[in-house]
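Quick note: the sequence shown uses the UniProt record's numbering, first residue 1, plus one each step.
Here the structure comes first, spelled out in structure tokens, and everything after it is commentary.
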Amino acid sequence: MSRNNEEVLVQTRKLGKTFSHGGVQQHVLKNLDVAVHKGDFTIIMGSSGSGKSTLLYALSGMEKPTLGEILFEGKDITRMSNDQLAVFRRKHCGFVFQQIHLLDTMSVLDNVLSSAYLVQRDRRKAVAKAKELLTRVGLGEGTWGKFPAQISGGEAQRAGIIRALINEPKVVFADEPTGALNSASGASVLGVLTEVNRSGQSIVMVTHDLKTALRGNRILYLRDGVIVGELQLSPFHEDSGPERQDQLQAFLTELGW
Numbered sequence: 001m002s003r004n005n006e007e008v009l010v011q012t013r014k015l016g017k018t019f020s021h022g023g024v025q026q027h028v029l030k031n032l033d034v035a036v037h038k039g040d041f042t043i044i045m046g047s048s049g050s051g052k053s054t055l056l057y058a059l060s061g062m063e064k065p066t067l068g069e070i071l072f073e074g075k076d077i078t079r080m081s082n083d084q085l086a087v088f089r090r091k092h093c094g095f096v097f098q099q100i101h102l103l104d105t106m107s108v109l110d111n112v113l114s115s116a117y118l119v120q121r122d123r124r125k126a127v128a129k130a131k132e133l134l135t136r137v138g139l140g141e142g143t144w145g146k147f148p149a150q151i152s153g154g155e156a157q158r159a160g161i162i163r164a165l166i167n168e169p170k171v172v173f174a175d176e177p178t179g180a181l182n183s184a185s186g187a188s189v190l191g192v193l194t195e196v197n198r199s200g201q202s203i204v205m206v207t208h209d210l211k212t213a214l215r216g217n218r219i220l221y222l223r224d225g226v227i228v229g230e231l232q233l234s235p236f237h238e239d240s241g242p243e244r245q246d247q248l249q250a251f252l253t254e255l256g257w
């Protein structure tokens, strides 16, 4: 698939990340040049310890690299202060994690609005939008006033996704968002992410699950902090045939997954 510079949303140049443990240097990311393209559903895969989550957090500005640059629409976010990064993430990024991180003392609706109010000045519009989005993912009025302890894990994860989407971020970063969910809840979460991707939002997701990875149209495979393989797929559709899974499985098998 051809690309041009106008399609690039996030780009790294010679990206490196090193951690020190007991005086031993661990090079988690090594000299990475990678681009995230607008509208793509990018999947990051690799074995445990390959650097998947570190790359995700670096791309989102949550993890400072040791070396290199990270350009978001051409602007180097590695030069931003912590305060500038916080504003940048609030405006442009959404985050969905395996651990949901809803605030226990706030209702489902207020959890979503806590993110919206940081960006939107029109509170009435923010409330209406939050209710509309929650309803779209099956969280009707009966759940809005409940606290996280009063809803299921799948419902809480869907609420977390809406909190991530409420400000219409340019890119959603997701780290194993279905890892702690049963199959039905996981499918619901993936359905939401697929739907927002179809509407034009870019998604970057870390996963180790084959069925989850099938949602992506671009697969990056990491090994020891280096991208060793890339696969382009057509956009996902619910009626996609077995050829899609066969193609992905062959790609992963070749890389030793």
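For each residue, glycine too, the CB sits at the ideal point set by N, CA and C.
| Item | Value |
| --- | --- |
| Work out the CA separation of P148 and Q99 for me, nearest whole Å. | 12 Å |
| For H37, which of helix, strand or coil comes out of DSSP? | strand |
| For M205 and I43, what's the separation of their Cα atoms in angstroms? | 5 Å |
| Provide the residue(s) that pair with K75 in DSSP beta bridges, ordered along the chain. | F72 |
| Check whether the Cβ atoms of A170 and H92 sit closer than 7 Å, and answer yes or no. | Here residue 170 turns out to be Lys, not Ala, going by the sequence shown. Going by C-beta atoms, K170 is nearer than 7 Å to H92. |
| When DSSP builds the beta bridges, which residues end up paired with F95? | F173 |
| Going by DSSP in three states, E243 sits in which element: helix, strand or coil? | helix |
| For the putative contact between T66 and T135, defined by C-beta atoms under 8 Å, what is the C-beta separation to the nearest angstrom? | In fact, because the Cβ distance is near 44 Å, the residues do not count as touching under 8 Å. |
| If you draw a straight line from the C-alpha of E195 to the C-alpha of G23, how long is it? | 46 Å |
| Going by DSSP in three states, L55 sits in which element: helix, strand or coil? | helix |
| Work out the CA separation of F88 and N82 for me, nearest whole Å. | 10 Å |
| Among residues of its own chain, excluding the 5 on either side of N167, which ones have a beta-carbon nearer than 6 Å to its beta-carbon? | V119 |
| Taking C-alpha atoms, which residue in A130, S48, G216 lies nearest to N247? | The amino acid at residue 247 is misidentified as Asn; the sequence shows Gln. That would be G216, whose Cα lies nearest to the Cα of Q247. |
| With I161 as the anchor, note down where its alpha helix (DSSP H) starts and where it stops. | 153 to 165 |
| Alpha carbon to alpha carbon, how far is A128 from A58? Give it in angstroms, no decimals. | 33 Å |
| Note the first and the last residue of the continuous beta strand (DSSP E) segment covering residue 264. | Past the boundaries of the shown model lies residue 264; the chain is included only from 1 to 257, so the question cannot be answered. |
| Just verifying my parser: in three-state terms, what is the DSSP assignment at V189? | helix |
| Looking only at C-alpha atoms, which of Y117, T105, K146, L56 sits nearest to V10? | L56 |
| Could you check where the alpha helix (DSSP H) with K146 kicks off and where it finishes? | No alpha helix (DSSP H) contains K146, which DSSP labels as neither H nor E. |
| For V28 and S107, what's the separation of their Cα atoms in angstroms? | 38 Å |
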